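The sequence shown begins at 623 in my numbering and counts up by one. So the structure is just underneath, and the comments pick up after that.
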Amino acid sequence: MAVYSYRLANGQARWFFIIDLPPDTNGRRRQHKRQGFPNQAAALKAEDEARAAYGGADLGADGSVAAELESWVNERELDVQETTLSNYRDVIRCYMVPHIGGRQLYALDKRVIHDLYKKLLKSGGKNGGPLSPTTVRIVHRILMKGVGRPRSQRRRCTAAPAGRAGDDGA
């Protein structure tokens, strides 16, 4: 919660909030700022509404996808075998963090995920070669487990990667 106060020239106190957004295409910092609220409660309410407009996601340590995935995989240490945990970390490190790890979690939408899958299928493998559809499905499953909503609120994801070659969906 980034809510702060300031004083007008006439001595009245006002409140404002700042929300960090994902960097722009040039890598420059972006922020969503609003000011002029008469009290702290009004500024907090407006900040909550603005966050909800950006997806209302629970944010990791710094709000990035990488931080949320790291937090999720650390929580799995007691739930899964060591080899599974190692595989999760490798997939996150090799395929997710380089492409979407720096994004803010609330800025992660269906289009971004779909673009990730397309890029991995086209040039996500070793030496820029294509990645197999099976591996992209594994990336999808880990991403949905790591940053997805609680199971009770999940809907079927429509951004699933492409099926097997020759699979006509029948």
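All C-beta atoms in this analysis are idealised placements derived from N, C-alpha and C, irrespective of residue type, glycine included. Just so you know, these numbers come straight off a predicted model, no measurement behind them.
Original post:
Who are Ala688's beta bridge partners in DSSP?
Top reply: Partner(s): none; Ala688 has no beta bridge.
Subject >> Inter-stretch contact (C-beta, 8 Å, three-pair minimum) for the region 657–674 and the region 689–703 >> reply: no
Original post:
Expressed to the nearest angstrom, what Euclidean distance is found between the alpha-carbon atoms of Gly685 and Gly770?
Top reply: 14 Å
**OP:** Write down every uninterrupted run of the beta strand (DSSP E) in the region 721–753 whose length is 3 residues or greater and which is fully enclosed by it, in chain order.
**Re:** none
**OP:** State whether the region 744–760 contacts the region 701–708, with contact taken as three or more CB pairs (one from each stretch) at a distance under 8 Å.
**Re:** no
**OP:** Sort Tyr728, Gly751, Tyr717 and Asp731 by Cα distance to Val758 and report the nearest one.
**Re:** Tyr717
Subject >> Top-ranked residue by Cα proximity to Pro660, from Glu671, Ser627 and Ala675 >> reply: Ser627
**OP:** Just the C-alpha distance for Pro571 and Leu738, rounded to the nearest angstrom, thanks.
**Re:** The shown model of the chain, from 623 to 792, leaves out residue 571, and the question about it has no answer.
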